[in-house]
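Heads up, the thing below is written out as structure tokens.
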């Protein structure tokens, strides 16, 4: 019996339903932000499932959670899979959690089928992939890969001023598991399953996306400072209206980011106006820019012009632009991409090669070891939304590809 | 001795300093929103000063606070003066509170000089003029004047869901005073002193603004509904980006409101974006419009086009516009305007006639009785701002005009 043949669709779907209860929203989505009470509950649930199957559970100093099925060769570098359990504030039931549960299903399938592997297999739930509570995202995998210093990550604060360190200490106290001595590899290989979070697979009627890489991304914060004034008495000529300036800046940036091929991804997702009183001219606006593209040259050319374009539309206010992140495009190892494609073809599933539009933990782990990803369709491409949806059959199909790929890698 | 001669500049300034401590902000301003703990403290302080001078203190069912100096004819309709003690969230030390303290100084000056008046004189602190906690503003004076139903005002909620009724009950329990049997007049006449909140008096080197009326105003709420989506994967063509649409709507409204004479006042003061996550395309934006003009025809013509202009820039989203308020321009009674001008001239103070750019409680009281206002300069015209400033000499000058005007009216 192959590993993929032992994958149980109903069990995988049931586990999704149980996880979706933790942070469930009225509209059918999930609010399970990193290191929240809901995240604690998810960690406890995963650990309880793991313990029931005799898998070892551990965590590291940044709160990544590991479930390990031993290999015949105990000290061999493990093959890893996984994703994240945290969600957007108004997130869906599949983003991230699918990769964790698909990985766990593979471990259970191997156990059920009595299949041993040479290398250990580890499922990991990376801490804070979304970055919606603690900026920026993919934090746990970045620290694991040595791309972000542990102390820097621990010092990050949420909007209420709580540090990652403090929230992590609370989480560990509430969901205690064994602590690993150190952070990071060696890792033999890494494969992450995820919903596509875009419309292409569904539109092309493919079940599997063989992911070739991840587009690069940059995050910016823009602060516009004007002067608060009375809305009834202050003539336009005498105003330093931060909202009016910020609107002009965003409109100009939309022009800068125009792209007939619709490949540029430009989003202003957070936009806060102070003091926020209807009859006071706003004195300050803070907003974020999320800018992504598969081509590093485009990221540099257009990203490099953001500050100048913003300054040109300041309307008497002061505009400051700071670049928060700079993630170059990722190209996955051909050995993993080829293996995922072969396993998909072997199962007779319709597939397409594609880059990932979203960032994922795999982009950091790809700097440590050969890495790749498997995408499955999600309804209308909707994600980061409570309406996010996927079918049990597609989720199981991706899990079967993952099972065969991981088993092959763990015997190499 | 005249009433104006008994006005004491140092005492009036000292009272401002004491009130400014209640809700004092780090930047030297005041945060004393309606029916807050800070408002309670201000009410107790004013009542304690009144009781020390033997003036009667009372309140009505909407929380307006009255300080009464008896007249020789006890049952004559009183002459009233006053303003408000609540502030913007980041407000200044003079907006509103000056009119209350100037009125109180007049009562003390008359007491000190042993001057009796035929009619009673009442200083009133109107409840919730700013409208920044409970929308909309000038609530207490509107209810007093019968322009807003008491039960409707009591049902208004703040952003946390607390009703005016509940906050008022807490305020009354914390700062108990005698309750009036009924709301409203008769009132013989009303004069309100206020800082200009604009730059004209300072620019023209005038000490007193003889206020001829108040420009009309309209408040609108705009709700833009799009669809949340993943910032990295969703092509522009597939987005319903509520922030992008709202920015286009605001820019188009700025064009609609263009005015070479710079008389139109158009302000977007509150602007909220949901869910507010940097890597999620915003699904909803809520913003307010504050639109003012002295000419009713302009208010109707441009205000009437707001919904159509907003709908034309929806970019695939749904835009709904609701009009929250419609306050027509106010023209003050010539008898009061002339009296204020005569008293000013009699004191030898430089003055100018001017309309008010800001709304004031006087606009409601002017529907009950002859009413007018006295403006004094504020530094650089800055108001609704923690940097708001005025000089002791100007404040006292306005108080002297008020003293002579009120005394004349109270003997008519």
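Chains as they are written, first to last, in the numbering used here: chain A, 388 to 799; chain B, 388 to 799. Yeah, the Cβ is synthetic: ideal placement off N, Cα and C, and Gly gets one too. Computed from a predicted structure; not experimentally measured.
Using a CB distance cut-off of 8 Å, residue 637 of chain B counts as an interface residue toward chain A. Per the coordinates, the alpha-carbon of residue 407 of chain A lies some 13 Å from the alpha-carbon of residue 420 of chain A.
8 Å or more divides the Cβ of residue 604 of chain B from the Cβ of residue 468 of chain B.
A distance below 6 Å between beta-carbons, with the five flanking residues on each side excluded, links residue 598 of chain B to the following residues of its chain, in chain order: 743, 760 and 762. Secondary structure of residue 467 of chain B (DSSP, three-state): strand. Using a C-beta cut-off of 8 Å, the segment 781 to 796 of chain A makes contact with the segment 577 to 590 of chain A, since at least three inter-stretch Cβ pairs fall below that distance.
By the Cβ rule, the segment 552 to 560 of chain A does not count as touching the segment 496 to 511 of chain A, because fewer than three pairs are nearer than 8 Å.
In its chain, beyond the 5 residues on either side, 767 and 768 have a beta carbon closer than 7 Å to the beta carbon of residue 586 of chain B. Around the C-beta of residue 718 of chain A, fewer than 16 other C-beta atoms lie within 10 Å, and the residue is accordingly described as exposed. Annotation for residue 463 of chain A: 505, 506, 507 and 575 place their beta carbon closer than 8 Å to its own, counting only its chain and skipping 5 residues before and after.
The Cβ of residue 486 of chain A sits no closer than 8 Å to any Cβ of chain B. Residue 544 of chain B and residue 403 of chain B have their C-alpha atoms some 30 Å from each other.
For residue 630 of chain B, the C-beta contacts it makes with chain A under 8 Å involve 637, 655, 656 and 658, in order along the chain. Across the set A:611, A:618, A:645 and A:765, the C-alpha of A:611 shows the shortest separation from the C-alpha of residue 634 of chain A.
Within chain B, the residues placing a beta-carbon under 7 Å from that of residue 652 of chain A are 618 and 619, ordered along the chain. The beta carbon of residue 700 of chain A sits closer than 7 Å to those of 632, 635, 636 and 639, all from its chain and outside the five residues before and after it, given in chain order. With a threshold of 16 other beta carbon atoms within 10 Å, residue 470 of chain A meets it and is buried. Across the set A:650, A:449 and A:732, the C-alpha of A:732 shows the shortest separation from the C-alpha of residue 593 of chain A. Note that the segment 431 to 449 of chain B touches the segment 557 to 568 of chain B; at least 3 beta-carbon pairs, one per stretch, sit closer than 8 Å. Contact annotation for residue 675 of chain B against chain A: 665 [CB-CB distance below 8 Å, chain order]. In the DSSP assignment, residue 485 of chain B is bridged to no other residue.
For residue 690 of chain A, the uninterrupted alpha helix (DSSP H) run begins and ends at 683 to 690, by DSSP. Residue 715 of chain A is outside the set of residues whose beta carbon lies under 8 Å from a beta carbon in chain B.
Assigned with DSSP and collapsed to three states, residue 491 of chain B falls in helix. With contacts defined as CB atoms closer than 8 Å, residue 608 of chain A and residue 675 of chain A qualify as a contacting pair. Rounded to the nearest angstrom, the gap between the Cα atoms of residue 472 of chain A and residue 483 of chain A is 6 Å. At a C-beta separation below 8 Å, residue 700 of chain B has no neighbours in chain A, since its nearest C-beta there lies roughly 11 Å away. Counting the other CB atoms within 10 Å of its CB gives residue 627 of chain B a total of 16 or more, which places it among the buried residues. In the three-state scheme derived from DSSP, where H, G and I count as helix and E and B as strand, residue 646 of chain B is classed as coil. In the structure shown, residue 580 of chain A falls within a strand segment according to DSSP collapsed to helix, strand and coil. In this structure, residue 765 of chain B and residue 777 of chain B form a Cβ contact; the two beta carbons are roughly 5 Å apart against a cut-off of 8 Å.
Per DSSP, residue 758 of chain A is one residue of the beta strand (DSSP E) stretching across 758 to 763. Close partners of residue 502 of chain A in chain B (Cβ separation under 7 Å) are lacking, with about 35 Å as the shortest Cβ gap. DSSP links residue 510 of chain B through a beta bridge to B:454 and B:468. Between residue 746 of chain B and residue 671 of chain B, the CB-CB gap reaches or exceeds 8 Å. In the DSSP assignment, residue 672 of chain A falls within the unbroken beta strand (DSSP E) covering 671 to 680.
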